[in-house]
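Chemist: This is the structure I have questions about; it appears just below.
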Amino acid sequence: MLDLSTNANEIKNTIRAIEKGSKSWCWLGYSGTTNTIVVKSSGDDIEEMLNHVKPSDILYGYAKFSNESALVSKYAYIIWLGSSSLRKEIIQHIKNSEQITKLYKTIHLRMTAREKSDVNWVDISNRIFGGSYNKPCDENSLNCDEFVTGNTKSSSNSTDIMKGIVAARIKALYEQKSNSSYVPLNFREELEAARAVPRDPIDPIRAFF
97 MLDLSTNANE
107 IKNTIRAIEK
117 GSKSWCWLGY
127 SGTTNTIVVK
137 SSGDDIEEML
147 NHVKPSDILY
157 GYAKFSNESA
167 LVSKYAYIIW
177 LGSSSLRKEI
187 IQHIKNSEQI
197 TKLYKTIHLR
207 MTAREKSDVN
217 WVDISNRIFG
227 GSYNKPCDEN
237 SLNCDEFVTG
247 NTKSSSNSTD
257 IMKGIVAARI
267 KALYEQKSNS
277 SYVPLNFREE
287 LEAARAVPRD
297 PIDPIRAFF
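Sequential numbering of the sequence shown, starting at 97, is according to the numbering used here.
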């Protein structure tokens with residue numbers, strides 16, 4: 097079970113510092129081999145954020161973006177699943193990431209990354225402030241509007257991760273419905289129903305779950 101209480105004060109203070117403006121980013125991660133979440137690093141220069149990740153890391157990032165033409169700042173949530181991290185644990189880490197999102201008041205964009213090249217600050221800023229961009233995935237995907245992927249070299253890794261995220265969420269929905277109903281869940285019907293739900297332009301997935 098994910099432990100968000102042991103270091104709750106430090107985590108809340110770091111997030112508050114980002115919201116207030118004294119910091120612009122942070123990485124949350126695991127304490128050793130435990131499920132206890134700690135603040136791994138934080139700072140006030142977004143360009144330095146990627147200096148604090150390694151291929152073996154599993155991290156959950158929160159970054160603040162400002163724009164001269166915008167009245168308010170916006171926030172991105174970054175799931176870092178390092179390229180050499182254990183693949184067999186990815187689904188569990190993705191499920192944990194859903195709990196961690198509850199720590200934040202506002203998330204305008206969510207993304208996953210396995211390589212530093214997957215993270216382009218200009219592209220992210222353009223997306224959350226309404227700049228033009230090309231959708232990186234199939235138009236029928238449940239999460240097209242939620243994720244930013246990097247270059248072609250790592251696109252297959254990103255696609256695998258996105259499929260894992262969708263699978264984890266559908267599994268959670270299945271378990272939720274199974275606990276209150278004896279009728280098996282029809283995945284095709286659920287997907288079609290999900291696509292028919294009006295989407296939140298900021299978070300198209302949250303409306304489904």
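Using N, Cα and C, we set each Cβ at its ideal position, and we do this for glycine too. As the structure is a computational prediction, the values presented were derived from the model and not from experiment.
Determine the contact status of S127 and T110, defining contact as a CB-CB distance below 8 Å.
Modeler: No, they are not a contact pair.
Chemist: Per DSSP, which residues does W217 bridge with? Please list them.
Modeler: In DSSP, W217 forms no bridge with anything.
Chemist: Among the residues of its own chain, which have a CB less than 6 Å from the CB of N236, if the five just before and after it don't count?
Modeler: Because the pLDDT at N236 is just 33, under 50, the model does not fix this residue reliably, and the point stays unresolved.
Chemist: Quick one: what does DSSP say F304 is sitting in, helix, strand or coil?
Modeler: With a pLDDT of 36 at F304, under the threshold of 50, the predicted position of this residue should be treated as unreliable, though the coordinate-derived value follows. Residue state, collapsed to three classes: helix.
Chemist: Which residue comes first and which comes last in the beta strand (DSSP E) that contains I175?
Modeler: From DSSP, the beta strand (DSSP E) with I175 extends over 170-177.
Chemist: So, with DSSP's three-state summary, where would you put S137?
Modeler: Strand, per DSSP.
Chemist: Any idea if D214 is buried or exposed, counting beta-carbon neighbours within 10 angstroms, 16 or more meaning buried?
Modeler: Buried.
Chemist: Under 8 Å: do the region 199-206 and the region 138-148 share three or more Cβ pairs, one atom per stretch?
Modeler: The region 199-206 is not in contact with the region 138-148.
Chemist: Report buried or exposed for N192, applying the criterion of at least 16 other Cβ atoms within 10 angstroms of its Cβ.
Modeler: N192 comes out buried.
Chemist: Around the Cβ of V149, are there at least 16 other Cβ atoms within 10 angstroms (buried) or fewer (exposed)?
Modeler: That one is buried.
Chemist: Determine the DSSP secondary structure at I203, reduced to helix, strand or coil.
Modeler: Three-state DSSP puts I203 in coil, outside helix and strand.
Chemist: Would you kindly work out how many angstroms separate the C-alpha atoms of I187 and V168, rounded to a whole number?
Modeler: Whole-angstrom Cα-Cα distance: 34 Å.
Chemist: Out of E164, Y171, N103, state which residue places its alpha-carbon closest to the alpha-carbon of R223.
Modeler: The shortest C-alpha separation from R223 is found at Y171.
Chemist: What does T110 pair with, by DSSP beta-bridge criteria?
Modeler: In DSSP, T110 forms no bridge with anything.
Chemist: Give me the Cα-Cα distance between A166 and G226, rounded to the nearest whole angstrom.
Modeler: Going from the Cα of A166 to the Cα of G226 covers about 10 Å.
Chemist: For the beta strand (DSSP E) that contains K191, what are its first and last residues?
Modeler: Per DSSP, K191 belongs to no beta strand (DSSP E); it is in the alpha helix (DSSP H), 186-196.
Chemist: Could you tell me whether the region 144-162 touches the region 102-121, using the rule of 3 or more Cβ pairs below 8 Å?
Modeler: Flag = yes, the region 144-162 and the region 102-121 touch.
Chemist: S221 and N131: beta carbons closer than 8 Å?
Modeler: Not a contact, by the Cβ cut-off of 8 Å.
Chemist: Look up K160 in the DSSP assignment and say whether it is helix, strand or coil.
Modeler: Here K160 sits in strand by DSSP.
Chemist: Would you kindly check if the distance between the Cβ of Y158 and the Cβ of I175 is under 8 Å?
Modeler: No, the pair does not count as a contact, with Cβ atoms beyond the cut-off.
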